[in-house]
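The sequence shown begins at 0 in numbering that gives the first Met the number 0 and counts up by one. Following: one structure in structure tokens, then a few remarks.
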Amino acid sequence: MADNIARVFADALATDPTRPLLTWYDDATGERTELSGATLGNWVAKTANLLVDEHAVAPGDPAAVLLPPHWQTAAVLLGCWSAKLTVLDTPGDVEVLFAAVGRVDEAAAWSAGERYALALDPFALPMRQVPPGFADFVSTVRGHGDHFTPYPGGGAGDAALLARAQARAAELGLAPGDRVLVDTRAHPDPVDWLLAPLIARASAVLCGNLDPARVGSRAATEKATHQLV
């Protein structure tokens, strides 16, 4: 059984890094963003390099990710896991914290060495106004390298997360080349919207603020083989 999230991500890219790996919709704004494996891999590498080069994090250091399902959240989580950080579920002391602009108030419950805010802009544009006490993730991460060599072995929580993802992929019947359409409001767990498709070498179509009337047409347009709605 896989026990290294960074390795699972690398394997998902290996067959064809140009194929769409993650597609994001927001029905409230009309946004659609499609990322190939190579593009997402660049964002993941930049995030990991930011953590290691700028903040000298060490394997096992804790991090907080106060972000909804989104393609930028995928980059942050995979970057943390590539650097072998432990992403905590409950407030505590962390080396670095990432928060959506709508959730920065929640950061008060955490003690963090570094804090980054994400506007989750459709085009990943820099923030016009950065919340006090935070740095703009997008502006900072862009200056880091597109390649990162993950540490050998998995992080402390990798095996448990991947065991859940493998079970979920089997439950959904995911196979290489499949595309799973996900209602992110109903399924916010990254095991559902990120890790299960990755471990199955499938791709995900993430739908934020999903309009139920659009499920059928979207599934047809995106050639979805499975729906998690």
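All C-beta atoms in this analysis are idealised placements derived from N, C-alpha and C, irrespective of residue type, glycine included.
Restricting attention to beta strand (DSSP E) runs no shorter than 3 residues, the stretch 5-79 encloses them at 19-25, 30-35 and 61-65, ordered along the chain. In this chain, the beta strand (DSSP E) harbouring F97 covers D92 to A99. Secondary structure of R127 (DSSP, three-state): coil. Contact between C79 and V64 is confirmed by a C-beta separation of about 7 Å, below the 8 Å threshold. Closest in C-alpha terms to F8, from the list K222, P196 and S216, comes P196.
Our two residues, L171 and Q71, have alpha carbons roughly 24 Å apart in a direct line. DSSP, reduced to helix, strand and coil, places L205 within a strand of the structure shown.
Contact check for G112 and V86: beta-carbon distance about 15 Å, past the 8 Å limit, so the pair fails to qualify. By the beta-carbon neighbour count (other beta carbons within 10 angstroms, threshold 16), N208 is exposed. One Cα belongs to L227, the other to R114, and the distance between them is close to 32 Å. When beta bridges are read from the DSSP output, S110 appears opposite D92.
A Cβ-Cβ distance of about 29 Å is found for the pair T148 and P67, leaving them out of contact under the 8 Å criterion. In terms of Cα proximity to A107, the closest of R167, K222, V56 and P131 is P131. According to the DSSP assignment, V179 belongs to the beta strand (DSSP E) that extends over R178 to D182. Secondary structure note for L87: it is in no alpha helix (DSSP H), with a DSSP letter that is neither H nor E. Comparing alpha carbon positions, the residue from C206, R217 and A201 closest to R18 is A201. Going by C-alpha positions, G142 is about 29 Å away from G29. Between A37 and A169, the alpha-carbon positions lie close to 26 Å from each other.
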